[in-house]
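Colleague: One structure, as structure tokens, below. Some questions next.
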Amino acid sequence: MSASDHLIPVVVSNVVEVNPIIKRFEFKHVNGDELPAFSGGAHIVVEMLDDGTKRKNPYSLMSSPFERDQYAISVRRDDTGRGGSKFMHEQVRPGMQMKISAPVNLFSLDLRARKHLMIAGGIGITPFIAQMTQADKLGVPFELHYAARSVSQAAYMDSLADRFGDHVSCYCDDQGESVDLEVLLSNQPLGTHVYVCGPKGMIERVVETASSLGWPAAHVHFEHFLAPPVGEPFEVHLAKAGIDITVGAEQSLLEAVEASGTPINCMCRGGACGQCETVVVACDGDIMHNDHWLDEEQRAAKQRIMPCVSRFRGKRLELDL
Amino acid sequence: MTIQFKDESFRGDFSYANSPSNIPRFPFPFPEDEYMYSTNIEPHHAARTGSPFENAFDVDEHYVAEMKDRALVLAEDPGRCQALPHMETAGWDFLELVMVSKARDYPDLFKLTMDGDRWHWINTPLQIDDTFTFGDSSTLPCHPMEYIGRQVQGDHAILDQRDGNLWMDAGIITAQADWSLDFDIGMNFFEWHAPVPLAHELGVFQRALKFLLTLPQGQPSRRLNWTLTVNPRLDTSPENYPKWGPDRMTVTPENIGEKIHLRVELQTFWRLPRSNAILFPIRTYLMAMNEVVTQPKWGRRLHRVMRDLRPELVEYKGLSRYHPILVEWLSQFDDGAPTSPGIFPD
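Quick mapping for you: the protein sequence lines, in order, are chains A and L. Take 1 as the starting number for the first sequence in UniProt numbering and just add one per residue. Take 1 as the starting number for the second sequence in UniProt numbering and just add one per residue.
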């Protein structure tokens with residue numbers, strides 16, 4: 001049983017063009033019911049029926065955790081990806097019915113923190129918008145440092161500055177601005193927790209800088225969702241089901257398993273949560289693991305695979321499904 | 001069907017007993033003739049009308065008496081209810097889950113009216129009628145976890161999730177089978193399970209933790225756990241060991257049927273929405289051996305389970321002193337016939 005098997009029917013209540021590359025989508029329950037409460041940092045999985053292909057992508061909730069009449073997400077258009085963001089941008093209109101999963105949080109605030117220090121890059125701003133709303137209501141101090149390519153791409157910066165004033169700072173590449181992590185992390189009171197969501201390089205810099213300054217690892221949090229990568233099609237044998245399936249170039253192995261009707265657990269669909277971990281029965285070739293779940297030893301052993309983000313190149317891959 | 005609440009005690013004269021109609025709904029914990037640890041977790045779906053699995057939080061004939069016993073324990077030892085400061089949001093999540101579930105499942109007993117954050121709660125069996133502001137602890141007489149914990153059967157631990165682990169950072173625990181919140185509070189999943197034999201080697205805890213860390217909202221799970229207790233005593237805490245430990249010396253072949261109780265925990269696991277914590281209710285059911293063996297399948301099977309129980313488990317569960325006479329006593333109910341699969345009586 002997976003989280004995305006229990007989908008909530010919603011209607012798209014609003015679509016807003018935030019800037020040329022980002023759109024915001026708002027959902028209400030089709031019956032007008034309340035949606036489940038959630039915590040800042042949670043995501044939902046959105047199901048997309050794209051001309052015969054069923055896509056499911058995770059997006060962070062950016063609406064207030066204290067309002068249950070609607071959810072909001074923001075989607076950055078990626079024309080080189082597998083097509084999910086393009087579908088959202090081009091096909092999804094107000095009034096359309098869709099299905100979403102219940103919220104899942106793999107990036108929650110540590111409620112012991114005396115202060116929350118949030119560092120966002122680009123579209124990585126979205127989980128922090130809900131987290132700031134939560135921290136503000138709980139009365140815990142927070143600061144947001146938001147890096148964007150340009151002023152026009154710094155989505156929501158104006159409204160965040162209006163709501164949270166000096167608690168938010170923005171740094172735009174085209175203005176020659178950047179976050180001085182060393183200074184920022186050196187000047188925090190003990191008991192501060194730092195959270196980072198953005199490009200891989202940014203996450204690595206924050207984690208390394210915090211570590212070099214002696215921050216406890218338990219005070220450093222990052223959201224490391226991955227979009228399943230595109231690649232060459234490959235064949236997989238599902239041992240229990242006794243069938244062969246083909247994973248398309250822009251399809252993930254998880255999506256191909258689901259399309260075959262074979263049961264599989266999953267949750268985040270981004271290589272982070274560990275739910276879809278599957279035993280490899282036979283492998284003659286190379287697994288491109290891509291996940292954040294298995295350790296180096298497990299990857300080298302080729303006995304486990306995370307179907308949500310991993311791909312395969314070789315003669316034969318057989319899974320215990 | 002209206003529940004007739006019993007006036008009974010879990011201490012002193014031990015007047016606790018199960019009505020004949022309550023016996024078949026007991027959550028007998030052995031689906032097979034032998035017992036070994038397993039993670040044995042299944043979805044907490046509504047199941048089997050009349051069973052303890054029918055509703056989110058089971059309410060039965062012992063409700064009012066159990067809540068009175070809880071109040072007695074808390075009056076003697078307020079340390080049985082503790083929450084670290086960051087667990088207040090989780091306390092509100094717990095309160096909401098119980099109130100919404102009970103009002104839905106038992107509309108004749110509980111009523112919840114929500115006007116924005118202004119909530120009105122009526123608990124008819126306990127004669128409570130309160131109005132408060134959701135999220136504002138100053139509008140309740142105590143911490144939200146304690147407030148609702150005094151109105152729901154079973155113990156409740158609330159586990160904070162961080163650093164890829166679960167931490168026992170809050171709980172209201174007054175009916176425990178020999179463990180202590182005061183000792184375990186602030187511990188992580190592996191620390192508080194450290195005393196359990198065998199299961200670590202079997203990898204049970206690693207699997208269980210992985211499962212719990214990814215527990216989705218809106219999809220609770222459950223499992224059964226068991227031990228034996230002498231006398232129908234709910235509070236078998238380490239703090240009160242001098243009160244209940246010596247009970248084990250009183251078991252004789254003559255009184256074993258009424259003295260020894262099968263003690264079953266219906267454990268459920270819930271992801272809480274605003275705190276992202278996990279609520280871990282441990283609902284205890286007690287049944288005297290004389291009551292258990294009124295169901296022939298259960299008498300037969302319990303004999304086989306007890307006879308073949310691993311020595312480590314006999315010792316860990318504290319049964320050593322009376323285990324041989326219990327097996328001997330149970331043997332009279334085992335006619336050697338096969339038992340049907342599953343836990344429900346034939």
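Ideal placement from N, C-alpha and C gives every residue a C-beta, glycine not left out.
Let me know the alpha helix (DSSP H) ranges lying completely inside the UniProt domain "2Fe-2S ferredoxin-type" (234-321) of chain A, each 4 residues or longer, listed in chain order.
Modeller: 253-259 and 296-301
Colleague: Measure the C-alpha to C-alpha separation of G261 of chain A and V104 of chain A and round it to an integer number of angstroms.
Modeller: For the purposes of this step, residue 261 of chain A is taken as residue 261 along the first sequence, with counting starting at 1. For the purposes of this step, residue 104 of chain A is taken as residue 104 along the first sequence, with counting starting at 1. Answer to the nearest angstrom: the Cα atoms are 24 Å apart.
Colleague: Assuming I256 of chain L contacts W329 of chain L (C-beta within less than 8 Å), just tell me the rounded distance between them.
Modeller: Start at 1 with the first residue of the second sequence, and residue 256 of chain L comes out as number 256. Start at 1 with the first residue of the second sequence, and residue 329 of chain L comes out as number 329. Indeed they touch by this definition, with Cβ atoms about 5 Å apart.
Colleague: I'd like to know if V104 of chain A contacts chain L, where contact means its C-beta is closer than 8 Å to some C-beta of that chain.
Modeller: Taking the first residue of the first sequence as 1, we reach residue 104 of chain A at position 104. At least one chain L Cβ lies under 8 Å of V104 of chain A.
Colleague: Since H6 of chain A meets chain L, which of its residues come closer than 7 Å, beta carbon to beta carbon?
Modeller: For the purposes of this step, residue 6 of chain A is taken as residue 6 along the first sequence, with counting starting at 1. Under the 7 Å cutoff, chain L gives G218 and Q219.
Colleague: Can you tell me the Cα-Cα spacing of residue 350 of chain L and N40 of chain L, whole angstroms?
Modeller: Since the displayed chain L opens at 1 and closes at 346, residue 350 of chain L lies outside it and no answer follows.
Colleague: DSSP three-state call for H323 of chain L: helix, strand or coil?
Modeller: Taking the second sequence and counting its residues from 1, the one referred to as residue 323 of chain L is at position 323. Note: H323 of chain L maps to helix in three-state DSSP.
Colleague: Three-state secondary structure (DSSP) at L309 of chain L?
Modeller: As a working mapping, residue 309 of chain L is identified with position 309 in the second sequence. Note: L309 of chain L maps to coil in three-state DSSP.
Colleague: Could you check whether G79 of chain L and D182 of chain L sit closer than 8 Å to each other, using their CB atoms as the reference points?
Modeller: In the second sequence, residue 182 of chain L corresponds to position 182, counting from 1. In the second sequence, residue 79 of chain L corresponds to position 79, counting from 1. Cβ distance < 8 Å, so D182 of chain L and G79 of chain L count as in contact.
Colleague: Leaving out five residues before and five after R304 of chain L in sequence, what residues of the same chain have Cβ atoms less than 6 Å from its Cβ?
Modeller: Stepping through the second sequence from its first residue, residue 304 of chain L is reached at position 304. Excluding positions up to five away in sequence, the list reads D33.
Colleague: Of the residues A:G124, A:M132 and A:H289, which one's Cα is nearest the Cα of L117 of chain A?
Modeller: Position 117 of the first sequence holds residue 117 of chain A. Of A:G124, A:M132 and A:H289, the residue nearest in Cα terms is A:M132.
Colleague: Do the region 191-207 of chain L and the region 279-296 of chain L touch if we need at least three Cβ pairs shorter than 8 Å?
Modeller: no
Colleague: Answer with yes or no whether the minimum CB distance from residue 322 of chain A to chain L is below 8 Å.
Modeller: Any property of residue 322 of chain A remains undetermined from this structure, which presents chain A solely from 1 to 321.
Colleague: Are the region 137-149 of chain A and the region 78-93 of chain A touching by the rule of at least three beta carbon pairs closer than 8 Å?
Modeller: Result no; under three Cβ-Cβ pairs closer than 8 Å.
Colleague: Sort A:E143, A:M98 and A:D284 by Cα distance to V236 of chain A and report the nearest one.
Modeller: Numbered from 1 along the first sequence, position 236 holds the residue referred to as residue 236 of chain A. With distances taken between Cα atoms, V236 of chain A lies closest to A:D284.
Colleague: I'd like to know if the region 257-270 of chain L and the region 208-224 of chain L are in contact, where contact means that at least 3 CB-CB pairs between them fall below 8 Å.
Modeller: A contact between stretches requires three or more CB pairs, one per stretch, nearer than 8 Å, and the region 257-270 of chain L meets this requirement with the region 208-224 of chain L.
Colleague: At which residue ranges does the region 120-206 of chain A contain complete alpha helix (DSSP H) runs of 4 or more residues, listed in the order of the chain?
Modeller: Counting only unbroken stretches of 4 or more residues, the alpha helix (DSSP H) elements lying wholly within the region 120-206 of chain A are 126-138, 157-164 and 181-186, in sequence order.
Colleague: Measuring only between beta-carbons, confirm whether L254 of chain A sits less than 8 Å from chain L.
Modeller: Against the first sequence, residue 254 of chain A aligns to sequence position 254. The beta carbon of L254 of chain A sits no closer than 8 Å to any beta carbon of chain L.
Colleague: Looking at the secondary structure, which residues open and close the beta strand (DSSP E) in which Y35 of chain L lies?
Modeller: The count along the second sequence starts at 1 and reaches residue 35 of chain L at position 35. From DSSP, Y35 of chain L is part of no beta strand (DSSP E); its letter is neither H nor E.
Colleague: Relative to the C-alpha of F333 of chain L, which candidate in L:T294, L:P107 and L:E312 has its C-alpha closest?
Modeller: Along the second sequence, one-based indexing puts residue 333 of chain L at 333. The shortest Cα separation from F333 of chain L among L:T294, L:P107 and L:E312 belongs to L:T294.
Colleague: Are Y322 of chain L and V251 of chain L touching if we call contact CB-CB under 8 Å?
Modeller: The count along the second sequence starts at 1 and reaches residue 322 of chain L at position 322. The count along the second sequence starts at 1 and reaches residue 251 of chain L at position 251. Contact flag set, yes.
Colleague: At 7 Å on the CB atoms, spell out the chain L contacts of D110 of chain A, in chain order.
Modeller: By 1-based counting over the first sequence, the position of residue 110 of chain A is 110. Within 7 Å Cβ-Cβ: R162.
Colleague: For K54 of chain A, which residues does DSSP report across the bridge?
Modeller: On the first sequence, residue 54 of chain A is found 54 positions in, with the first residue counted as 1. DSSP output for K54 of chain A lists A:L49 as bridge partner(s).
Colleague: Taking C-alpha atoms, which residue in A:M96, A:L190 and A:P141 lies nearest to L109 of chain A?
Modeller: As a position in the first sequence, residue 109 of chain A is number 109, starting the count at 1. For L109 of chain A, the nearest C-alpha among the options comes from A:P141.
Colleague: Do you know offhand how far L138 of chain A's Cα is from C81 of chain L's?
Modeller: For the purposes of this step, residue 138 of chain A is taken as the residue at position 138 of the first sequence. For the purposes of this step, residue 81 of chain L is taken as the residue at position 81 of the second sequence. Cα to Cα, L138 of chain A sits roughly 23 Å from C81 of chain L.
Colleague: Looking at the structure shown, is F25 of chain A part of a helix, part of a strand, or coil, going by DSSP?
Modeller: In the first sequence, the residue the question calls residue 25 of chain A occupies position 25. Strand.
Colleague: Looking at M62 of chain A: is its Cβ nearer than 8 Å to the Cβ of I119 of chain A?
Modeller: Residue mapping note: residue 62 of chain A aligns to position 62 of the first sequence, counting from 1. Residue mapping note: residue 119 of chain A aligns to position 119 of the first sequence, counting from 1. It is not a contact, given that the beta carbons lie outside the stated cut-off.
Colleague: From L:V264, L:E146, L:R233 and L:E8, pick the residue whose C-alpha is nearest to that of L95 of chain L; which is it?
Modeller: Locating residue 95 of chain L in the second sequence gives position 95, where the first residue counts as 1. Comparing Cα positions, the closest option is L:E146.
Colleague: For chain L, is any of its Cβ atoms less than 8 Å away from the one on G261 of chain A?
Modeller: As a first step, residue 261 of chain A is located in the first sequence; it is residue number 261 there, counting from the start. Judged by the 8 Å Cβ criterion, G261 of chain A is not in contact with chain L.
Colleague: Based on DSSP bridge pairs, tell me the residues matched to V204 of chain L.
Modeller: The count along the second sequence starts at 1 and reaches residue 204 of chain L at position 204. Paired residues: none, contrary to the question.
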